[in-house]
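Colleague: One structure coming up, written as structure tokens, with questions to follow.
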């Protein structure tokens with residue numbers, strides 16, 4: 068067993084360092100020719116040039132922002148379609164009314180529309196006005212949802228009890 072270890076060690080040493088050949092003068096001469104000063108110099112790649120004007124940097128930054136907004140809007144759109152499809156699928160598996168479908172889809176559009184407005188608004192005035200409109204529509208839908216099973220209320224209850232002849 069010990070002899071096998073020695074044989075493997077010798078083979079590994081020869082494989083690692085190689086077998087010396089006759090003259091090393093030829094090897095040295097080839098190395099000198101390879102690294103001679105008249106040999107073509109290797110070129111180092113140039114470093115990237117910095118921006119010469121600040122507006123170029125600003126332009127690149129704004130383009131990256133707009134690209135990210137586009138990707139975010141596309142992702143939100145996909146999530147909206149999937150969410151609306153799932154909610155309407157489960158709604159139609161039960162007893163439903165047309166009002167429930169309108170309310171479900173309307174609220175989904177309100178939520179995702181608000182997300183779109185927040186992402187795409189560049190100025191605070193745009194954000195305030197459009198969020199107010201979306202809030203009014205959402206309030207109408209919530210109020211309509213609460214009134215589905217109720218009788219319409221109106222007028223003065225005391226006056227409604229009085230017979231018409233007395234008026």
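Residue numbers (the numbering used here): 68 to 234.
All residues carry an ideal CB built from backbone N, CA and C; glycine is no exception.
Out of 202, 208, 189, 163, which has the shortest C-alpha to C-alpha gap to residue 133?
Modeller: Nearest option by C-alpha distance: 189.
Colleague: Mind checking residue 208: buried by the 16 CB within 10 Å criterion, or exposed?
Modeller: Flag for residue 208 reads buried.
Colleague: Can you list, in chain order, the residues of its chain whose CB lies under 8 Å from that of residue 158, leaving out five sequence neighbours each side?
Modeller: Within the same chain, residue 158 has close Cβ partners 167, 168, 171.
Colleague: Give the range of the alpha helix (DSSP H) segment to which residue 189 is assigned.
Modeller: Premise fails: residue 189 is in no alpha helix (DSSP H) and is neither H nor E.
Colleague: Tell me, to the nearest whole angstrom, how far the beta carbon of residue 184 is from that of residue 194; I am working on the premise that it is less than 8 Å.
Modeller: Right, the Cβ-Cβ distance comes to about 6 Å (below 8 Å), so this counts as a contact.
Colleague: Compute the Euclidean distance between the alpha carbons of residue 148 and residue 154, then round it to the nearest angstrom.
Modeller: When rounded, the distance between both Cα atoms is 10 Å.
Colleague: Which first and last residues belong to the alpha helix (DSSP H) in which residue 56 is found?
Modeller: No statement about residue 56 is possible, as the shown extent of the chain runs from 68 to 234 and does not include it.
Colleague: Excluding the five sequence neighbours on either side, which residues of its own chain have a C-beta within less than 6 Å of the C-beta of residue 197, listed in chain order?
Modeller: Excluding residues within five positions, the ones whose Cβ falls inside 6 Å are 184.
Colleague: Can you tell which of 137, 68, 123 has the C-alpha that lies nearest to the C-alpha of residue 187?
Modeller: Of 137, 68, 123, the residue nearest in Cα terms is 137.
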